[in-house]
Every structure is written in C-alpha cells, then in structure tokens.
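Numbering (our numbering), first residue to last: 3 to 174.
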C-alpha cells in the first residue's frame, strides 16, 4: 500500500489526469488524500518554521477543514451551478481528487530560509493550482480545463469572502 501511495503522490505531482480519474473512483483513497493534505501542510509548517511553531501545529487541522469545505464548495458550484451534460460527481470524489492536488505542496519543506520560502511557497501554489484544475476537470467530467479553472477561481473567491466575513465577526 505504501508503494502505491507514493506512486500516486508522484503521479499527482506530474499532473497525470489518469491518476485523478483513478482516485476519483477509488473510495478507499479518501484516507490517502487526507494524508497528502496533511503532508503538504506539515511541509509548509516545516518550511515556515522560522515564522513560529504555531503554523506547524495548527496548520494540518486548518488544512483538513479547508480541504473538506473547498471540496464541498466546488461540488455545489460545479454540479449545481455549472454542470456539463455528463457531470456526475459527489463530495467524496472531489475530496479525493482535490486532496491529491495538494501533493506539490510537499516541496514547501525546503522553504526553511525566507528566500527559499518565497520561491517554494509561490511555486508550489501555482503547481497546486494546475493540479487542482485537472483534478476538478476529472472529478466533474468537464471537457474544458478553462471551465474547471473558472470553477476553482470562483470557489476561491467565495471561500476568501467567507473567511473575511468570519474574521470580521470574530474580531468584534
């Protein structure tokens, strides 16, 4: 199983559409997807350890919650607001594909200096975005990468607005 898991991580990093199709249909891969999210978050924590240990310990919990919500939001937007004719998906399929799209974030472990942190964090963000667009296209059975990109960006804005509102409410 460990060998299969590592192969899946490498295939996710290589943006292999077949990997995203594979994990979409493999219900047993949900735990693996969660592990990828945690590994990516821990790597970010190690890469940013010079900023403080709080992000290292709190990061995985926030990442898991964000991953769950992100997949749910993309499910709603992608299947209810902007489906293609062939779009059939569920929250679990998006959890698995989006979870594996976090794999490039593992390189953030190399951001242990401010200079390296900037490069690894920005680079991995764009890489993860590319992976997520492919993951969403596969999970929602879209024909177009542009449509998948649109759904991802729209959901990012929705999530950012909700986070902003939550911060306003709790800062009172």
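For each residue, glycine too, the CB sits at the ideal point set by N, CA and C.
Keep in mind the model is a prediction, meaning the values are calculated, not measured.
Touch test, the stretch 65 to 75 against the stretch 36 to 47, Cβ-Cβ under 8 Å, three pairs minimum: Here the stretch 65 to 75 makes contact with the stretch 36 to 47; the two share three or more CB pairs at distances below 8 Å.
Cβ-based neighbour list, residue 109, same chain, cut-off 6 Å, excluding 5 preceding and 5 following: Taken in chain order, the residues that qualify are 122, 126.
Inter-residue Cα distance where the pair is residue 153 and residue 115: One Cα belongs to residue 153, the other to residue 115, and the distance between them is close to 34 Å.
Proximity below 9 Å, CB of residue 99 to CB of residue 144: No; because the gap between Cβ atoms is not below 9 Å, this pair is not in contact.
Whole-angstrom C-beta distance between residue 10 and residue 102, which should lie under 8 Å: Taking a contact as a CB-CB distance under 8 Å, the pair residue 102 and residue 10 counts as one, their CB atoms being some 7 Å apart.
At least three beta-carbon pairs within less than 8 Å, the stretch 147 to 164 to the stretch 16 to 33: Cβ pair count under 8 Å is below three, so no.
Neighbourhood of residue 13 by C-beta, 6 Å cutoff - its chain only, sequence neighbours within 5 removed: Annotation for residue 13: 21 place their beta carbon closer than 6 Å to its own, counting only its chain and skipping 5 residues before and after.
Identity of the residue in 5, 165, 15, 48 nearest residue 113 by Cα: Looking from the CA of residue 113, the closest CA among 5, 165, 15, 48 belongs to 48.
Within the stretch 34 to 106, ranges of the alpha helix (DSSP H) (whole runs, at least 4 residues): Taking only runs of at least 4 residues, the alpha helix (DSSP H) segments lying wholly in the stretch 34 to 106 are 56 to 78, 93 to 102.
Collapsed DSSP secondary structure at residue 9 in the structure displayed: Helix.
Residue 155 classed as buried or exposed, judged by whether at least 16 other C-beta atoms fall within 10 angstroms: Only exposed fits residue 155, as fewer than 16 other CB atoms lie within 10 angstroms of its CB.
Residue 165 to residue 76 span [Cα, whole Å]: Their backbone Cα atoms lie some 16 Å apart in a straight line.
Per-residue DSSP class, three states only, for residue 109: If DSSP states are grouped into helix, strand and coil, residue 109 belongs with the helices.
Limits of the alpha helix (DSSP H) - the one that residue 16 falls within: Note, residue 16: premise wrong, no alpha helix (DSSP H); not H, not E.
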